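Counting along the sequence shown from 1, when you hit position 210 you're at 210 in this note's numbering, and nothing is skipped either side. Everything on this sheet refers to the single structure shown next.
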Amino acid sequence: MRDTELNLHDEVVYTTDNTSTHQKGTSESPTLTTQEGVPVADDENSLKIGTGPTLLEDFVLRNKLFHFDHERIPERVVHARGYGAHGYFETYDSLAKITKADLFQQKGQKTPVFVRFSTVAGNKGSADLARDVRGFAVKFYTNEGNWDLVGNNIPVFFIQDAIKFPDLIHAAKDEPDRGFPQAQTAHDNFWDFISLTPESMHMVMWIMSDRTLPRSLRFMEGFGVHTFRLVNDQGKATFVKFHWKPKLGMQSVTWDEAVKINGADPDFHRRDLWHAIESGHFPEWELGMQLFDESFCQKFPFDVLDATKLIPEEDVPVTPVGRLVLN
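Structure follows, in structure tokens:
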């Protein structure tokens with residue numbers, strides 16, 4: 001009888017009864033280890049009491065099962081169906097007067113980006129052309145670190161207070177006792193929430209518009225929704241609302257078209273984005289800013305920090321400051 005052994009120059013592993021179990025690689029093969037770096041001699045046979053039960057002390061077995069259970073990231077509660085692309089952001093002119101953010105300091109400066117588009121209510125297997133809000137999130141990889149500008153394709157939101165967010169999502173998702181309707185809000189829970197939350201009516205009007213049925217992601221606007229603050233080197237603050245304007249303009253489909261497309265090609269939007277980039281027709285947006293100061297906020301008839309309201313472009317024009325290209 002001999003104890004279990006592994007010789008890196010051999011190709012056979014032996015057990016205590018002197019029988020081979022399985023073939024192993026030669027010394028040129030990389031060593032299999034646990035996530036703590038402990039070499040693994042055998043990941044095909046668990047430790048047992050003779051021919052009896054498996055031993056819980058077999059940390060290789062536990063480690064392998066742990067990895068198996070964690071191979072797939074659980075689906076997001078909202079914005080589960082997403083798709084994105086890499087590209088760059090190019091600044092038109094220096095904005096050093098209003099911000100010290102690295103990506104806005106020099107004319108023509110290019111910053112790598114990643115953009116994720118998404119629907120909200122449906123799961124990751126739902127169809128692209130559901131009548132739904134679209135997420136428009138941009139990650140800028142600046143020299144000073146990553147900056148995330150999270151947004152939607154609608155400039156306002158349902159609620160003023162974040163404490164209502166779980167209630168909103170519970171109302172918008174499918175019924176828990178039946179698992180439908182999927183990727184839509186045509187059920188009583190959602191409309192009960194809307195009727196009990198008057199502040200959401202502005203958002204509902206936008207949802208019922210053509211903006212929630214974009215013909216392509218390349219024809220879709222994006223908004224930061226919230227009011228942000230830019231600060232320059234002198235510490236002076238300027239309020240800003242961010243806008244993404246598609247270079248191709250805005251286009252939508254009709255409801256009948258959306259129903260037909262969902263049945264024929266539920267991946268319609270992601271397929272369109274993929275083929276556009278693959279063929280060299282790179283999607284492009286302009287980043288625009290609505291800029292205003294503290295005195296404007298004091299004179300404005302409502303709270304500029306209220307996400308259920310917007311600031312009309314007639315009052316504060318959108319100034320283009322750069323372009324986003326997905327290539």
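Think of the CB as a built atom: it goes at the ideal place given N, C-alpha and C, for glycine as much as any other residue. Just so it is clear, the structure is predicted and the values come from calculations on it, not from any experiment.
Opposing strand residues paired with PRO112 [DSSP bridges]: TYR88
Endpoints, the alpha helix (DSSP H) within which VAL60 is located: 59 to 69
CB of GLU284 within 8 angstroms of CB of LEU324, strictly: yes
Nearest to HIS170 (by Cα), restricted to the options PRO214, ASP192, PRO30: ASP192
Cβ neighbour criterion (16 or more within 10 Å) applied to TRP274: exposed
Euclidean distance between Cα positions of ASN143 and PHE104: 11 angstroms
Length-filtered (3 minimum) beta strand (DSSP E) runs lying within the region 119 to 159: 134 to 142, 145 to 149
Closest residue to ILE311 among LEU61, THR254, PRO30, PHE292 (Cα-Cα distance): PHE292
Minimum C-alpha distance to PHE239 - residue among HIS202, LYS245, PHE228, PHE300: PHE228
Residue range of the alpha helix (DSSP H) that includes GLN275: Note that residue 275 corresponds to His in the displayed sequence, not to Gln. Start and end: 268 to 278.
Stretch-stretch touch, CB-based, cutoff 8 angstroms, three pairs: the region 239 to 252 with the region 209 to 218: yes
GLY288, buried or exposed, once every other Cβ within 10 Å from all chains shown has been counted against 16: buried
Helix, strand or coil at GLN23 according to DSSP, with G and I counted as helix: Legend: pLDDT at GLN23 = 48, less than 50; position of this residue unreliable, value from coordinates given subsequently. Three-state result, GLN23: strand.
Alpha-carbon spacing of ARG271 relative to PRO53, whole angstroms: 51 angstroms
Beta-carbon proximity list for VAL120, same chain, < 7 angstroms, skipping 5 on both sides: VAL78, HIS79, ASP132, VAL133, GLY135
Reference ASP188; option with closest CA among GLU199, MET201, LYS173, PRO198: LYS173
C-beta contact flag for VAL232 and ALA96 at 8 angstroms: With the sequence shown as reference, residue 232 is identified as Asn, and Val is not the correct amino acid for it. Taking 8 angstroms as the Cβ cut-off, ASN232 and ALA96 qualify as a contacting pair.
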